[in-house]
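What follows is one structure encoded as structure tokens, with my remarks underneath.
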Amino acid sequence: MMTAGVKALGDEIESRVDAGDRFAGLFATRPTQTAPITLSAHVATAGGIDTLEASLPPGTESYPALTPRLGAAFWYEREIHDTFGVVPEGHPRLAPLVRPGSPETPGDRALPRHVTGYGMFTIPHGPVRSGVLESIEYLVETPGEAIPHLNMRVFYKHRGVQEAFAGMTPVDAVLLAERTEGIASVAHALAFSHAIEQIADCEPPTTAQLVRVLHAELERIANHLDVAVRLADAAGLAVATTRLALHKERVMRLVSRLCGSRFGRGVVVPGGISAAPQLPPAQLWAELDRLAKPIAADAAALMATSSFLDRLRGTGPLTPERARQHGALGPIGKAAGFADDARLARPYDAYRALVVPSARSHLAGDALARLRVRWEEVDQSFRLLRQVADDLSERAPDLYSVTCEPASGRAVGWSEAPQGEVLYDVSIAAGRITRCHPRSASFHNLVLMHEVFAGDILTDFPFIEASFGLSVAGVAL
Amino acid sequence: MSIWVLRGLRDGVVTTRWPARPDDYADTWRGPARPLPGNLSSDPAAALSSDPGVDPDTLETLCPTGAITAERAGNVRVDQGRCILCGHCVAERPDVFAWSQGATGPGAAAPTREALIVPELPETDEAVEAARARLRERTTALRRSVHVRHVDAGSDGSEEWEIQALLGPVYDIHRLGVFFTASPRHADVLLVTGAGARGMTVPLRTTYDGMPDPKIVIAVGTDAISGGLLSQSDMTTGGIAATVPVDIWLAGSPPSPFGIINALLVAVGKLAPDPNPSAPARSTTGPRGGRRSR
Chain Z
214 MMTAGVKALG DEIESRVDAG DRFAGLFATR PTQTAPITLS AHVATAGGID TLEASLPPGT
274 ESYPALTPRL GAAFWYEREI HDTFGVVPEG HPRLAPLVRP GSPETPGDRA LPRHVTGYGM
334 FTIPHGPVRS GVLESIEYLV ETPGEAIPHL NMRVFYKHRG VQEAFAGMTP VDAVLLAERT
394 EGIASVAHAL AFSHAIEQIA DCEPPTTAQL VRVLHAELER IANHLDVAVR LADAAGLAVA
454 TTRLALHKER VMRLVSRLCG SRFGRGVVVP GGISAAPQLP PAQLWAELDR LAKPIAADAA
514 ALMATSSFLD RLRGTGPLTP ERARQHGALG PIGKAAGFAD DARLARPYDA YRALVVPSAR
574 SHLAGDALAR LRVRWEEVDQ SFRLLRQVAD DLSERAPDLY SVTCEPASGR AVGWSEAPQG
634 EVLYDVSIAA GRITRCHPRS ASFHNLVLMH EVFAGDILTD FPFIEASFGL SVAGVAL
Chain B
38 MSIWVLRGLR DGVVTTRWPA RPDDYADTWR GPARPLPGNL SSDPAAALSS DPGVDPDTLE
98 TLCPTGAITA ERAGNVRVDQ GRCILCGHCV AERPDVFAWS QGATGPGAAA PTREALIVPE
158 LPETDEAVEA ARARLRERTT ALRRSVHVRH VDAGSDGSEE WEIQALLGPV YDIHRLGVFF
218 TASPRHADVL LVTGAGARGM TVPLRTTYDG MPDPKIVIAV GTDAISGGLL SQSDMTTGGI
278 AATVPVDIWL AGSPPSPFGI INALLVAVGK LAPDPNPSAP ARSTTGPRGG RRSR
């Protein structure tokens, strides 16, 4: 829907959000250097994702910022400023976010400082950090223990993913979608493929839909186990860390036995899946059983280890009010009473036919609640996987994909990654991608890390970071 | 806490003994694509033209990263340093292409960039031998224990998972005398992942410069070697070799943990690089563990 201008766009988003919709993203496009810039906002409704747009007059270099009225647009408008140089007037802080300032000397090397006072100093942590982690720079402002302010600079690993999509065929572009946020390869491939399928108006065969759910849920289990490994490691629980890492490895090995890739890559293609799973459904059942019980037992033991729970309880709390205002996605939102799960609210593929078990409601919003949500989701995933294995064993061999070669059009595709909802806004002309804007849950959620250090100290940092469970690759693109 | 003592004993020893002993998962691992030897007749032009459906240009367009070269008068070659393991070529032309198998052998860590091109170019052999000799010179001091530092220079996040797996119970890299360190000052080996994001150029170089000599750099994954799907992006340097000198090249998107172990062992001289990395796959049942750590 096209609105009359930026102000009207802001009004429309505001009234939609007041009516119960969720602000899901904002970005700008400019087809050519001289063309006017168009702002596109995504709003998640009960049944789908709406796109609201406003064009800036040609030649404009600024527009009234939406951030003051819509806090969740904070990073989105910084990204727009980074990419197009257009200034959102009244934006609280327009420092580089996703793009390094110039190719060789990234950004402003000076450390931004927000809190001043006696004994206050800034610890720059990153981009090369201790441990095997993705590159990001945290600027921790502290008088010694408390963390009154945190800044993040994610631009170090900006790779130019969006630009790289342009000109690709959908078949190749889905490979790039898988590599946009590697730990959620399946979810990104799904969201991208859903957009393509919407444009082409095609529907994947039922078997393909089931196999998609199979891989999406295994990916969710692996990701949630990874978060649990990092939390147990932060607490120094050597045996728990080892046990959970073993489970994660077993899940990844099951994925590689199904498709040859430990990350489920190459499975999802626009129109269906590339090939049948390499394990028969009966064997899949046995494998799932072999995984589910030990995982549940170790999860229960972890959640009964009081020295561990002490570190998580009350750590990095997000208030339900902020979660709702921001439209926090995935486990972070669910832990703070804001659950908008695309599998339930806007079901796709086989989720429409499967029974997605409903989740308990949490309000604490702390690291402990986030971990509880993840364990519940793991349990939920195993139930879904058993339904999938059942359905697959009852089905006669079927087509794995339908032809899906759209000529031109635009659509928004979505899926529920382990981190939360992933959106892909894709435009195609003459069978090639002209523009593809991925929006990961990591991008939408990471900004919330600014706000969760209420009373937390430096040693809580690894717990808070791990409990968010996000990937920098999906933020910096 | 006592619950964990018993839980820790639950599965017995789950750690692989690879490479001292064979490991099924390592030996059957699906590596980058390779051309099948049958298609490399002495008169390749004839081999290609005998099938009306095969035209060198169509073969080349199968690959989204341009890893395939099919010269009209020459052979079909795959540059595994560009292969992102999408499988398009294997699915479309199983008569021409197949997967490499195993964490060693074709598709494994290579001591030169050219050695990743299969089948090998005629001039590669000498270059590989020279590179191996240079590596040996530097690694004699490192054999007993090495410390590794990792830097993400624009990865998609999956390579980090596979490197982290080395610290887990299944791969347990410590058994091989390899340890991760937080400080480049303690590091002998630099594991670099990612396509070479421009924003990471300075931090990566600083880390490298901060390491004491002798130092070895491993490019982990196809992205680190060539940039993969982002090789053309203005925001990457199309691989990390533009920023730091690479000693070991490990293809994969991402490479398997076994592949990374192999690269680390090659890097520190505990394993010789594959004597003939570009040879067609040998029997996958052969005892890879025949070459023990020295």
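Those protein sequences? They're chains Z and B, same order as listed.
Residues 214 to 690 (my numbering) are what the first sequence spells out, left to right.
Residues 38 to 331 (my numbering) are what the second sequence spells out, left to right.
Think of the CB as a built atom: it goes at the ideal place given N, C-alpha and C, for glycine as much as any other residue.
- Under a criterion of Cβ atoms nearer than 8 Å, the residues of chain B adjacent to His-371 (chain Z) are, in order, Gly-191, Ala-234, Arg-235, Gly-236 and Met-272.
- Residue state for Gly-622 (chain Z) is assigned as strand, using DSSP reduced to three classes.
- Minimum Cα-Cα distance from His-650 (chain Z) among the listed residues Z:Leu-671, Z:Arg-585, Z:Phe-666 and Z:Arg-623 corresponds to Z:Arg-623.
- Close partners of Ile-396 (chain Z) in chain B (Cβ separation under 9 Å): Asp-193, Gly-194, Ser-195, Glu-197 and Trp-198.
- Look at the segment 591-637 of chain Z and you find these whole runs of beta strand (DSSP E), each 3 residues long or longer: 622-630.
- The Cβ atoms of Ala-397 (chain Z) and Asn-436 (chain Z) sit closer than 8 Å to each other.
- Exclusion of the five residues before and after Thr-528 (chain Z) leaves Asp-579, Ala-580, Leu-581, Asp-669, Asp-673, Phe-676, Ile-677 and Ser-680 as the residues of its chain whose Cβ lies within less than 8 Å of its Cβ.
- Taking one beta carbon from each stretch, the segment 652-666 of chain Z and the segment 419-427 of chain Z have fewer than 3 pairs nearer than 8 Å; the two do not touch.
- Secondary-structure assignment with DSSP links Pro-356 (chain Z) through no beta bridge to anything.
- Counting of Cβ neighbours within 10 angstroms places Thr-238 (chain B) among the buried residues, the total reaching 16 or more.
- Secondary structure of Gln-138 (chain B) (DSSP, three-state): strand.
- Under the 8 Å criterion on CB atoms, Ser-343 (chain Z) is classed as interfacial with respect to chain B.
- In the structure shown, the three-state DSSP call for Arg-235 (chain Z) is strand.
- Here Val-127 (chain B) carries a helix assignment [DSSP, helix/strand/coil].
- The C-alpha of Val-480 (chain Z) is placed about 26 Å away from the C-alpha of Asp-94 (chain B).
- Secondary structure note for Glu-292 (chain Z): its alpha helix (DSSP H) is the uninterrupted segment 287-297.
- Beta-carbon to beta-carbon, Val-226 (chain B) and Ala-304 (chain B) are separated by about 5 Å, close enough to satisfy the 8 Å threshold.
- Put simply, the CB of Leu-459 (chain Z) is near chain B, with a gap under 8 Å to one of its CB atoms.
- Less than 8 Å divides the Cβ of Val-113 (chain B) from the Cβ of Leu-96 (chain B).
- Under the 8 Å criterion on CB atoms, Trp-41 (chain B) is classed as interfacial with respect to chain Z.
- Ala-404 (chain Z) has a beta carbon lying at 8 Å or more from every beta carbon in chain B.
- Residue pairing by DSSP places Ala-513 (chain Z) opposite no residue, since no beta bridge is assigned to it.
- Flagged as an interface residue toward chain Z: Tyr-62 (chain B), by a C-beta distance shorter than 8 Å.
- In the three-state reduction of the DSSP assignment, Glu-394 (chain Z) falls in the coil class.
- Among the residues of chain Z, those whose CB is under 8 Å from the CB of Pro-240 (chain B) are Pro-340, Val-341, Ser-348 and Tyr-369, following chain order.
- Per the C-alpha coordinates, the member of Z:Gly-540, Z:Tyr-564 and Z:Tyr-561 positioned closest to Asp-553 (chain Z) is Z:Gly-540.
- Linking Arg-608 (chain Z) to Gly-543 (chain Z) through their CA atoms gives a straight-line distance of about 32 Å.
- Excluding five sequence positions before and after Leu-598 (chain Z), the CB atoms of its chain that fall closer than 6 Å to its own CB belong to Glu-430 and Leu-501, given in chain order.
- Per DSSP, the continuous beta strand (DSSP E) segment holding His-187 (chain B) begins and ends at 183-189.
- If only complete runs of 4 or more residues are kept, the segment 381-434 of chain Z shows the alpha helix (DSSP H) at 383-391 and 398-413, in order along the chain.
- By the C-beta density criterion, Ala-221 (chain Z) is exposed, having fewer than 16 other C-beta atoms within 10 angstroms.
- Restricting attention to Z:Gln-375, Z:Arg-282, Z:Phe-595 and Z:Asp-562, the CA atom closest to the CA of Ala-509 (chain Z) is found in Z:Phe-595.
- Within the same chain, Cβ atoms closer than 8 Å to the Cβ of Thr-393 (chain Z) are found at Val-374, His-401, Pro-651, Ser-653, Ala-686, Gly-687 and Leu-690, the five residues on either side in sequence being excluded.
- Of the other Cβ atoms in all chains shown, fewer than 16 fall within 10 Å of the Cβ of Asp-231 (chain Z); this residue is therefore exposed.
- Rounded to whole angstroms, the Cβ separation of Arg-222 (chain B) and Pro-240 (chain B) is 15 Å, and the two are not in contact under 8 Å.
- Between the C-alpha atoms of Asp-132 (chain B) and Leu-287 (chain B) there is a straight-line separation of about 26 Å.
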